[in-house]
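One line per chain: the protein sequences are A and B, in this order. Number 116 in our numbering belongs to position 116 of the first sequence; there are no gaps in the numbering. Number 68 in our numbering belongs to position 68 of the second sequence; there are no gaps in the numbering. Here the structure is laid out as structure tokens; the discussion comes afterwards.
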Amino acid sequence: MNKPPPSLRRWVFEPDPNPPASRLWLVSLLAILAAFLASGLIFWAYGVSPLTAYITVIQGTLFDSTGLAEVLRRFIPLVLIGSGLTLAFRAQFFNIGAEGQLLMGAVAAAGIALFVPLPAALVLPTMFVVGFLAGGAYALVAAVLKARLGVNEILTTLMFNYVASYLVIYLINGPWQGKTVRGFAYTDPFPPAAVLPTLPGTLVHWPTLILGLIMTVFLQLLLSRSVLGYELRVAGANPTAARYAGISATKVVWLVALCSGGAAGLAGVGEAAGIHQKLLDPSQISLGYGFTAVIVAYLARGNPILTIPTALLMAILFAGGDVMKVSLQMPFRVIDALSGLLLLFLIGSERLVEYRLRRKENPQ
Amino acid sequence: MNELLSVLGQAVAFGTPILLAALGEVVAERAGVVNLGVEGMMALGALAAFATAQTTGNLLLGLLMGVLVGALAAAIHALVAVTLRANQFVSGLALTALGLGVSGLLGQHFVGSPLLEPLPGAEFRIGAVLLAIGVWGVLYLTQTGLILRSVGENPGAVDVMGISVVRVRWLAVLFGGAMAGLAGSYLSLSYRPAWVDGTTAGLGWIAVALTIFVGWHPVRAILGAFFFGLLYHLAFRLQGRVPSEFLLMLPYLLVVVVLSLAALRRQQGAAPEALGLPYKRGER
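If you want it as structure tokens, here you go:
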């Protein structure tokens, strides 16, 4: 048989039953690029040239030493929360409440720092432990409602974000308002023993950074090398099979709620003890880390260790939001819009992974 | 007596945007599509309506733009969650972030210049109730409604009959967006005729919870929405006696309580069978 003439060959877009892993990453990369192009439209509508915005962000974050430190500072909460969320999403527990769990961690840290007399060496470790428990317990409420009553955890965790936020506002305006702050809405500063050390000249509280990196490794091992992790993976991938295998769905939900909420709580301790050194307005404690960490976890495709690169990417975006606020006078809200776009493009492009573009001979 | 009437009036005024948005969500969810983007679509609709009314001076044109932009925002959800079959919950959540972000950003130019002649609210309130009855009529008395509900219960069966599941779901989601846009327009043209970032104040989330609470029933949504409106108003009147933060917390706690109560009553048995599941021909 002769080869058919070129005119009879054409490109077809066909389903691919076994997509290679590389295509997933390629499509994700293209989706991220497309999301940034689309966000250009928003910049333009606001009256800022998209090109100027991109250049300002890249220069202000990656090619600037203070900018790089800012990226690293944002990386800390994102990697902590993101690695916890990968576990939750793996188990199909959609914890959207990391923002609230982070705030609970910060509240717990402030409570210990300001009101509990402890030997100096024990203050910070206690803050981290109690912060973990506070964030975990807050997530557990949603887990119990889901496991016992079947209440959708997306809605409950989301609502608990608002509740936690108003709780912080109540505390800093009411019972916990500082005696020395002359009516401002925040607590007294933490005593020195309750303040995390930072890299000189930056806001990078390195103990939390190391904690975050250890967390990714620990959770990765838990997921891939332990019985609990195995049960979690089965329960997430096939709940029916898990039930027949005698795996308790309740136990899995409780475990992932505790881990993801606890990790967010740790992030809250880091922000309170490392950056602000007091409890203050919730919008200043967290700038939407909880929601952005959803993207971090989603991009990492359920692998805690992969949240290191994905959290770095979103940290650049966050630091970019700061740069845009300062250099281009854009409100920080711009980060919400960019995060939303990124997530939409990422989940929308997922379907494309299952297809391939092939040159095919025309059936004639 | 007058006191009681004024309380009820306030309850209805506050319940109206919740009712409008919930009606849209009832229709979308009856077709099997959860849209958690209500809050974002509402915010975009509110800004579009306000910006148009402020720049052209034409309130009705503003209303129209609010509805259109709401539907346009919903088209994003329809594309991602219906056509591309992505996770409906994540897509809606992303839409809320996008909507709140874009409206907060572009609304900057309109902060601090209220409308001098807002739209009267009475028409909205009566209109919302009539719309609820209309939605009930369409859902339960017409063939269109039968098809829509079937798409939410058993999309495969509808597909076999030669009706496009994707098209029905698109239309239902677009209607949901238009209603959220209408709710937003009511907020920015009539209820609080000005633009402030965060003007929707969680009302979109309450509409989502209400949809579940009333068992996906448009007429019960009327009572549910006004009940929520009443609670809001009572919370408002308690100001000064209770720290205001607890009152502000209340609607969000209520959503959780309401969802738990609905679950306790096994209300979720009333949920459309295919709710939240993307439809692909040849797959169960």
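Glycine is no exception: its CB is placed at the ideal position from the N, C-alpha and C atoms. The structure presented is a predicted model; accordingly, all values stated were derived computationally and were not measured.
Legend entry - C-beta atoms of A/L221 and A/G229 nearer than 9 Å: The sequence position of residue 221 of chain A within the first sequence is 221, counting from 1. The sequence position of residue 229 of chain A within the first sequence is 229, counting from 1. Against a cut-off of 9 Å, the Cβ pair of A/G229 and A/L221 comes out as a contact.
Inset, instruction - Output yes if chain A places a C-beta closer than 9 Å to the C-beta of B/P155; else output no. - result: Position 155 of the second sequence holds residue 155 of chain B. So, not an interface residue.
Inset, instruction - Keeping to the same chain, check which residues put their C-beta closer than 6 Å to that of B/G276; ignore five residues upstream and five downstream. - result: Here the question's residue 276 of chain B lines up with position 276 in the second sequence. Correct list, in chain order: V34, Q88.
Legend entry - Whole alpha helix (DSSP H) elements within the region 120-195 of chain A, 4-residue minimum: Qualifying alpha helix (DSSP H) stretches, in chain order: 120-149, 153-173.
Legend entry - Identity of the residues DSSP links to B/Y191 by a beta bridge: Indexing the second sequence from 1 puts residue 191 of chain B at position 191. Residue pairing for B/Y191: DSSP places it in no beta bridge.
Legend entry - Cutoff 6 Å; reference B/A48; Cβ partners in own chain excluding five residues on either side: Position 48 of the second sequence, counting from 1, holds the residue named residue 48 of chain B. Around B/A48: M65, G66, V69.
Inset, instruction - Measure the CB-CB distance between B/F175 and B/G40 and report whether it falls below 9 Å. - result: Here residue 175 of chain B refers to the residue found at position 175 of the second sequence. Here residue 40 of chain B refers to the residue found at position 40 of the second sequence. Going by C-beta atoms, B/F175 is not nearer than 9 Å to B/G40.
Legend entry - Residues bridged to A/F13 [DSSP beta-bridge criterion]: What you label residue 13 of chain A is simply residue 13 of the first sequence in a count that begins at 1. Partner(s): A/L357.
Legend entry - Identity of the residues DSSP links to B/Q239 by a beta bridge: By 1-based counting over the second sequence, the position of residue 239 of chain B is 239. Beta-bridge pairing links B/Q239 to B/V242.
Legend entry - Closer than 9 Å to chain B by CB, A/S286: To locate residue 286 of chain A, count along the first sequence from 1; it is residue 286. Not closer than 9 Å to any Cβ of chain B, the Cβ of A/S286 fails to qualify, so no.
Legend entry - First and last residue of the uninterrupted alpha helix (DSSP H) at A/R73: On the first sequence, residue 73 of chain A is found 73 positions in, with the first residue counted as 1. First-last of the alpha helix (DSSP H) with A/R73: 65-90.
Inset, instruction - Provide the residue span of the alpha helix (DSSP H) that contains B/I126, from first to last. - result: For the purposes of this step, residue 126 of chain B is identified with residue 126 of the second sequence, where counting begins at 1. Counting along the chain, the alpha helix (DSSP H) containing B/I126 begins and ends at 121-141.
Legend entry - Residue burial classification, A/I214 (beta-carbon count within 10 angstroms, cutoff 16): Here residue 214 of chain A refers to the residue found at position 214 when the first sequence is read from its first residue. Under this definition A/I214 is an exposed residue.
Inset, instruction - Tell me whether the beta-carbon of A/L87 lies closer than 9 Å to the beta-carbon of B/S91. - result: To locate residue 87 of chain A, count along the first sequence from 1; it is residue 87. To locate residue 91 of chain B, count along the second sequence from 1; it is residue 91. No.
Legend entry - Validate contact between the region 183-203 of chain B and the region 10-21 of chain B using beta carbons, cut 8 Å, 3 pairs: yes
Inset, instruction - Using a Cβ-Cβ cut-off of less than 8 Å, give me the residues of the region 23-45 of chain B that come near chain A, in sequence order. - result: L36, G40
Inset, instruction - Mind reading off the beta-carbon distance from A/L78 to A/S260? Whole number of angstroms is fine, and I expect it under 8 Å. - result: If you number the first sequence from 1, residue 78 of chain A lands on position 78. If you number the first sequence from 1, residue 260 of chain A lands on position 260. The pair is not a contact, with the Cβ atoms about 13 Å apart (cut-off 8 Å).
Inset, instruction - Check whether the Cβ of B/Q54 lies closer than 9 Å to any Cβ atom in chain A. - result: Residue mapping note: residue 54 of chain B aligns to position 54 of the second sequence, counting from 1. With 9 Å as the cut-off, B/Q54 does not count as an interface residue toward chain A.
Inset, instruction - Using a Cβ-Cβ cut-off of 9 Å, state whether A/Y170 counts as contacting chain B. - result: Translated into the one-based positions of the first sequence, residue 170 of chain A becomes position 170. Yes, because at least one Cβ of chain B sits closer than 9 Å to the Cβ of A/Y170.
Legend entry - Buried or exposed (CB count within 10 angstroms, at least 16 for buried), B/M179: Counting from one through the second sequence, the residue named residue 179 of chain B turns up at place 179. Under this definition B/M179 is a buried residue.
Legend entry - Rounded separation between A/D235 and A/R243 - CA only: For the purposes of this step, residue 235 of chain A is taken as residue 235 along the first sequence, with counting starting at 1. For the purposes of this step, residue 243 of chain A is taken as residue 243 along the first sequence, with counting starting at 1. Residue 235 of chain A is actually Ala in this sequence, not Asp. Their Cα atoms are separated by approximately 8 Å.
Inset, instruction - Apply the 10 Å Cβ neighbour rule to B/M161 and answer buried if 16 or more other Cβ atoms are within range, or exposed otherwise. - result: Sequence index remark: in the second sequence, residue 161 of chain B carries index 161 (1-based). Burial call: exposed.
Legend entry - Delimiting residues of the alpha helix (DSSP H) encompassing B/N2: Position 2 of the second sequence holds residue 2 of chain B. B/N2 -> alpha helix (DSSP H) spans 2-30.
Legend entry - Own chain partners of B/A194 with C-beta closer than 6 Å, once the 5 adjacent residues on each side are dropped: Indexing the second sequence from 1 puts residue 194 of chain B at position 194. Non-local C-beta neighbours of B/A194 in its own chain, meaning closer than 6 Å and more than five positions away in sequence, comprise P114, ordered along the chain.
Inset, instruction - Measure the beta-carbon distance from A/G135 to A/G111 and round it to whole angstroms, keeping in mind my assumption that it falls under 8 Å. - result: Against the first sequence, residue 135 of chain A aligns to sequence position 135. Against the first sequence, residue 111 of chain A aligns to sequence position 111. That belief does not hold up - the Cβ atoms of A/G135 and A/G111 are roughly 13 Å apart, past 8 Å.
Legend entry - Residue span of the alpha helix (DSSP H) that contains B/T56, given as start and end: Within the second sequence, the letter at position 56 stands for residue 56 of chain B. 38-56 is the span of the alpha helix (DSSP H), which, as asked, contains B/T56.
Inset, instruction - Establish whether the CB of A/R301 and some CB of chain C are separated by less than 9 Å. - result: Included in the structure are the protein chains A and B, with no chain C among them.
Legend entry - A/K360 and A/R10 closer than 9 Å at C-beta: For the purposes of this step, residue 360 of chain A is taken as the residue at position 360 of the first sequence. For the purposes of this step, residue 10 of chain A is taken as the residue at position 10 of the first sequence. Contact flag set, yes.
Inset, instruction - To the nearest angstrom, report how far apart A/Y170 and A/F128 are at their CA atoms. - result: Your numbering for residue 170 of chain A matches position 170 in the first sequence. Your numbering for residue 128 of chain A matches position 128 in the first sequence. Distance between the alpha carbons of A/Y170 and A/F128 is about 23 Å.
Inset, instruction - Under the assumption that B/A51 contacts B/F124 (Cβ atoms under 8 Å), give the Cβ distance between them as a whole number of angstroms. - result: Residue 51 of chain B sits at position 51 when you count from the first residue of the second sequence. Residue 124 of chain B sits at position 124 when you count from the first residue of the second sequence. No, B/A51 and B/F124 are not in contact; Cβ-Cβ is about 19 Å, not under 8 Å.
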